[in-house]
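Visitor: The following block contains the structure, expressed as structure tokens.
Numbering (the numbering used here), first residue to last: 71 to 391.
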């Protein structure tokens, strides 16, 4: 029985509903710093495995929600440093789909690499990697989303702290799409997508799998997705930014990540890849419901990338001092 893709009516939370009620709780804002992308440059080799495009064609990025300290269970210090839901807001343009994915204007041949089921990868791209299942290293290179769990049931170490399951689930609109007019018919079916629509959530929030943890360098984050991208343009820059600023609603924040690789916005409409408040990371509100933290992926203007990097470093120092 698969337990990492739970979709029950009692657990399902739509992004729209949470956006409406997110500001109704306590006056204190959760200590959400922003978002961060980190490139994984040393995944286990999958060379020679059937259908694997080769590690020279795939780059892996890990997407995190960042906090000023560790997360904790309800009633404990740090209880606000917990992600419960990630939503993608549908845009107002008729026929448009809100979401995020590969910036194909800067990377015209790129798409997500999604590992085949034979590798032991999540069937629909929701949930972390179950290392206890039979499979191979292609799954370590796949694209998938979660709330706080990249791997579980590890067979690498008997003393692992990894959980024994992942309770992340996708909402009713979650799916992979192809944005633009790319011709990807020469690729396997799972590798023809460059866009993620809809949201995902922790169906059992009391298990605190969305609690921020030390990422190994003294910073605290919650894993939200592994994004493996095939055939990026040479020199494509992952970018920087993500600093949370006061938002447009009570208790909310807004963050922008500038880079060449990812974009958020609309799949349709007059200007592909444009829009506002394209993603929302919902964090625990001790007074009830959740805080809404709005996210956008954007293309840097001249000078914006350097300025945003400096602003992010300064904000992080202020919050940790």
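From the three backbone atoms N, C-alpha and C, an ideal C-beta is built for every residue, glycine too.
Treat the numbers as computed from the prediction; the structure is a model and nothing was measured.
Assuming residue 336 is part of the beta strand (DSSP E), what are its boundary residues?
Guide: Its beta strand (DSSP E) spans residues 332-336.
Visitor: Say whether chain B places a C-beta atom closer than 8 angstroms to the C-beta of residue 103.
Guide: The chain labelled as chain B is not found in the depicted structure, where only one protein chain is given.
Visitor: Does the distance between the C-beta of residue 335 and the nearest non-hydrogen atom of the ligand FAD fall short of 7 angstroms?
Guide: This structure lacks the ligand FAD; in fact it carries no ligand of any kind.
Visitor: Between 195, 190, 211, which has its C-alpha nearest residue 201's C-alpha?
Guide: It is 190 whose Cα lies nearest to the Cα of residue 201.
Visitor: Please classify residue 328 as buried or exposed, where buried requires at least 16 other C-beta atoms within 10 Å of its C-beta.
Guide: Residue 328 is buried by the Cβ-count criterion.
Visitor: Please classify residue 150 as buried or exposed, where buried requires at least 16 neighbouring CB atoms within 10 angstroms.
Guide: Label assigned to residue 150: buried.
Visitor: Determine the closest residue to residue 220 out of 238, 273, 260, 206, with distance taken between C-alpha atoms.
Guide: Measuring from the Cα of residue 220, the nearest candidate turns out to be 238.
Visitor: If we ignore side chains and look at the alpha-carbon of each, how far apart do residue 331 and residue 176 end up?
Guide: Between residue 331 and residue 176, the C-alpha separation is close to 8 angstroms.
Visitor: Can you give me the C-alpha to C-alpha distance between residue 352 and residue 289, rounded to a whole angstrom?
Guide: Those two C-alpha atoms are separated by around 20 angstroms.
Visitor: So, helix, strand or coil for residue 279, using DSSP?
Guide: Three-state result, residue 279: coil.
Visitor: Taking only runs of the beta strand (DSSP E) that begin and end inside the segment 103-188, which ones reach a length of at least 3 residues, in chain order?
Guide: Complete beta strand (DSSP E) runs here, min 3: 128-137, 153-158, 168-172.
Visitor: With DSSP as the reference, label residue 253 as helix, strand or coil.
Guide: If DSSP states are grouped into helix, strand and coil, residue 253 belongs with coil.
Visitor: When you compare only the Cα positions, how much space is there between residue 303 and residue 258?
Guide: Rounded to the nearest angstrom, the two C-alpha atoms are 20 angstroms apart.
Visitor: Which residues does DSSP pair with residue 199 in a beta bridge?
Guide: Per DSSP, 221.
Visitor: Looking only at its own chain, which residues have a Cβ that is under 7 angstroms from the Cβ of residue 122, when we skip the five neighbours before and after it?
Guide: Only 116, 208 meet the Cβ criterion.
Visitor: Does the beta-carbon distance from residue 354 to residue 360 come in below 8 angstroms?
Guide: Cβ atoms of residue 354 and residue 360: closer than 8 angstroms.
Visitor: By the DSSP assignment, the beta strand (DSSP E) with residue 351 in it spans what residues?
Guide: 349-354 is the extent of the beta strand (DSSP E) around residue 351.
Visitor: For residue 180, collect the residues of the same chain with a Cβ closer than 7 angstroms to its Cβ; drop the 5 residues on either side in sequence, then sort them by chain order.
Guide: So the qualifying residues of the chain are 172, 174, 264, 299, 300, 301, 302.
Visitor: Buried or exposed: residue 312, going by 16 or more other Cβ atoms within 10 Å of its Cβ?
Guide: Burial call: buried.
Visitor: State the DSSP-derived secondary structure class of residue 304, mapped to helix, strand or coil.
Guide: Residue 304: coil per DSSP, three-state reduction.
Visitor: Taking only three categories from DSSP, how would you classify residue 243?
Guide: Three-state DSSP puts residue 243 in coil, outside helix and strand.
Visitor: Is it right to say residue 294 is buried, meaning 16 or more other beta carbons lie within 10 angstroms of its own, or is it exposed?
Guide: So residue 294 counts as buried.
Visitor: What residues in its chain sit with their C-beta under 6 angstroms from that of residue 198, if we drop five residues either side in the sequence?
Guide: Result list for residue 198: 216, 219, 220, 221, 222, 236, in chain order.
Visitor: On the three-state DSSP scale, how would you describe residue 294?
Guide: Residue 294: strand per DSSP, three-state reduction.
Visitor: Could you give the C-beta distance for residue 127 and residue 109, rounded to a whole number, given that I count them as a contact under 8 angstroms?
Guide: Actually they do not touch by this definition, with Cβ atoms about 15 angstroms apart.
Visitor: Taking the alpha carbon of residue 246 as the reference point, which residue from 107, 350, 168 has its own alpha carbon closest?
Guide: Among 107, 350, 168, the Cα nearest to that of residue 246 is on 168.
Visitor: Can residue 137 and residue 103 be called in contact, C-beta distance under 8 angstroms?
Guide: Yes, Cβ-Cβ distance for residue 137 and residue 103 is below 8 angstroms.
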